[in-house]
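The listed protein sequences correspond, in order, to chains A and B.
For the first sequence, my numbering begins at 60 and goes up steadily by one.
For the second sequence, my numbering begins at 60 and goes up steadily by one.
Glycine is no exception: its CB is placed at the ideal position from the N, C-alpha and C atoms.
What follows is a short report on a single structure.
There are 2 protein chains.
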Amino acid sequence: MPNELVWDRPEPPSKPSPTPLSRDLIVSAAIRLADEGGLDEVSLRKVAAALNAGPMRLYGYIETKDELLDLMVDEVYGEIELPAPGTGWREGLTQIAVGIRAAAKRHEWFVDLVGGRPRRGPNSLRHMEASLATLAGRPEFPTIDHVLGAVGTVMAFVHGAVRGEVAEARAERSSGMTEEQWQRASGPYIERMLATGEFPTLAKVVYDAEHTDSAAVFDIGLSYVLDGIATRHTPA
Amino acid sequence: MPNELVWDRPEPPSKPSPTPLSRDLIVSAAIRLADEGGLDEVSLRKVAAALNAGPMRLYGYIETKDELLDLMVDEVYGEIELPAPGTGWREGLTQIAVGIRAAAKRHEWFVDLVGGRPRRGPNSLRHMEASLATLAGRPEFPTIDHVLGAVGTVMAFVHGAVRGEVAEARAERSSGMTEEQWQRASGPYIERMLATGEFPTLAKVVYDAEHTDSAAVFDIGLSYVLDGIATRHTPA
DNA sequence: CCCCTCTCGATACGCTGTATCGCTCAATAC
DNA sequence: GTATTGAGCGATACAGCGTATCGAGAGGGG
């Protein structure tokens, strides 16, 4: 039965052992490794070693590595603060969006997983419920499909934006300089391409743009999206 | 020098060989494999085998597997039709967005890579240039930073939305049924969770939502985003 | 014609996720 | 109290990965 979810299966009872194990312990160890060295550091061997166990011992708690990744994602969803009931829809969605962004900054590997797999963990479900509930029942969003459309759009933007931000941060870290520094200073290939004159607008970006603070860029994009939703869902 | 890009290095001259090789051949073979069996099928061994070569022969043309992935992404960017110069900004961005979506439907692996790495290939650059040029110079977008903000927002949405669509498509394929079918019919875990009453809005989604055609959902989301941009950038 | 150099790709290394299955130990039956 | 069974744990093993290494072989110069 390939459809069975981790969350369907009870955890095995904890046995007396010199090094006790549990899903929580496993997930925490995996998250710690991922925070420190990226997803590449999360191998079953390394996670098990961090818990003084052999690799196969983990298979009592999870069935595949993918399940471990699912649990990690759900754990991060649990860290995200949800808006209090009664919060305005715009404030509520904003709070959720910046919460996801903050979580992704804390756990860069999060963006590699979220949005690429179905979200079915309890924390993910709570998160979805809260997002939808922020809009549901309001006169501006008469049907559940309106709610879904709006929330889906915001989530798509947030996931895309956050993934892009992290990708840029990684590139900067691995090259040791800011993207525009890199483009402006060295990057013989980029320089040659820009020198062809084929990319006038791109050149303007590289040489003229102000490169606003990334949080501000995110906020501006988010307000675009929320504005667009508002214009179509403003009470008459 | 870790910053050196593939596109900086010339391809080695083609040697007389029973099985000639080139970057194009390698990339085409890799894309074919990825289209058929997902990114997991793209191993240097398999790509090389598809070209009747040993794995290490590829290293004359690429330096790492990541470079191959970069080349694959750039190839797909090359498939995306760009708006003719002079197209209105809204039409232009729409055309680009649906172009990316179509490409991602043809090459599902595309969503796993795009947005997660810097885009520096010639086709990617052309694509960025065209996107920016669609807005640049218009009175509604007085500075290059306005242009960047608007294009970045649309791209973030498109990447996030497309990734989500593909993720859902994969989940449906692997479970053999539609998401809502799955939730409604079986999914003992989901059913149990919904039965707790903790997720009233989610339950409404599962049982009441219409589940509109995914292309329509994408278009609606895109028009939200474009509307939001328009409201802030409408000439007075 | 010989020797040197340089290139290419077969071999090999360390790593991955996980299937297999012998061992260990607890519980049951007598 | 002892013998037998059952289950489950985890060491071992396997197939595959990306790629570093380095010996063989080809091509050019003397």
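- Around the beta carbon of residue 115(A), fewer than 16 other beta carbons sit within 10 angstroms, so the residue counts as exposed.
- Residue 258(A) belongs to the set of residues whose beta carbon lies under 7 Å from a beta carbon in chain B.
- Neighbours of residue 181(A) in chain B, taken as residues whose beta carbon is under 8 Å from its own, are 252 in chain order.
- Taking a C-beta cut-off of 8 Å against chain B, none of the residues of the region 127-154 of chain A qualify.
- Using a Cβ distance threshold of 7 Å, residue 176(B) and residue 226(A) count as a contacting pair.
- Around the C-beta of residue 136(A), 16 or more other C-beta atoms lie within 10 Å, and the residue is accordingly described as buried.
- The Cβ neighbour count for residue 266(B), taken over all protein chains shown within 10 Å, is under 16; the residue is labelled exposed.
- The Cβ-Cβ distance between residue 152(A) and residue 213(A) falls below 7 Å.
- Counting only the Cα atoms, residue 197(A) lies some 11 Å from residue 191(A).
- Between the alpha carbons of residue 187(A) and residue 67(A) lies a distance of about 19 Å.
- In this structure, residue 100(B) keeps its C-beta atom at 7 Å or more from the C-beta atom of residue 110(B).
- Proximity of residue 99(B) to chain A, defined by a Cβ-Cβ separation below 7 Å, is not satisfied.
- Nearest CB-CB separation between residue 125(A) and chain B: not below the 7 Å threshold.
- When only Cα atoms are considered, residue 274(A) and residue 280(A) end up about 10 Å apart.
- Interface annotation, residue 272(A): not in contact with chain B, CB-CB separation never under 7 Å.
- For a Cβ distance threshold of 8 Å, residue set 203, 204 and 207 of chain A lies close to residue 268(B), ordered along the chain.
- If the five residues before and after residue 64(B) are omitted, its C-beta is found closer than 7 Å to the C-beta atoms of 179, all from its own chain and listed in chain order.
- For residue 100(B), no alpha helix (DSSP H) segment is defined, and its DSSP state is neither H nor E.
- Near chain B, meaning a CB-to-CB distance below 8 Å, the residues of the region 163-194 of chain A are 170, 171, 174, 175, 176, 177, 179, 181, 184, 185, 187, 188, 191 and 192.
- A distance below 7 Å separates the beta carbons of residue 217(B) and residue 159(B).
- Look at residue 232(B): its C-beta is not under 7 Å from any C-beta on chain A.
- Sequence-distant partners of residue 221(B) (beyond 5 residues in either direction) whose C-beta falls short of 6 Å from its own C-beta, in its chain, are 160, 163 and 170.
- Take residue 189(A), set aside five residues on each side of it, and the residues of its chain with a beta-carbon closer than 6 Å to its own are 141, in chain order.
- Nearest in C-alpha terms to residue 193(B), of all of 104(A), 195(A), 185(A) and 259(A), is 259(A).
- With a threshold of 16 other beta carbon atoms within 10 Å, residue 185(B) meets it and is buried.
- Shown here, residue 277(B) sits in a helix according to DSSP, grouped into three states.
- Contact between residue 290(A) and residue 290(B) holds: their C-beta atoms lie close to 6 Å from each other, under 8 Å.
- Annotation for residue 251(B): the continuous alpha helix (DSSP H) segment containing it runs 247-254.
- Bounds of any alpha helix (DSSP H) do not take in residue 118(A), whose DSSP letter is neither H nor E.
- Counting every other CB atom within 10 Å of its CB across the protein chains shown gives residue 70(A) a total below 16, marking it as exposed.
- Residue range 203-234 is occupied by the alpha helix (DSSP H) that includes residue 218(A).
- Contact between residue 174(A) and residue 219(B) holds: their C-beta atoms lie close to 6 Å from each other, under 8 Å.
- Judged by DSSP in its simplified three-state form, residue 272(B) adopts coil rather than helix or strand.
- For residue 263(A) against residue 203(B), the beta-carbon gap comes to about 5 Å, under 8 Å, which counts as contact.
- For residue 173(A), the three-state secondary structure derived from DSSP is coil.
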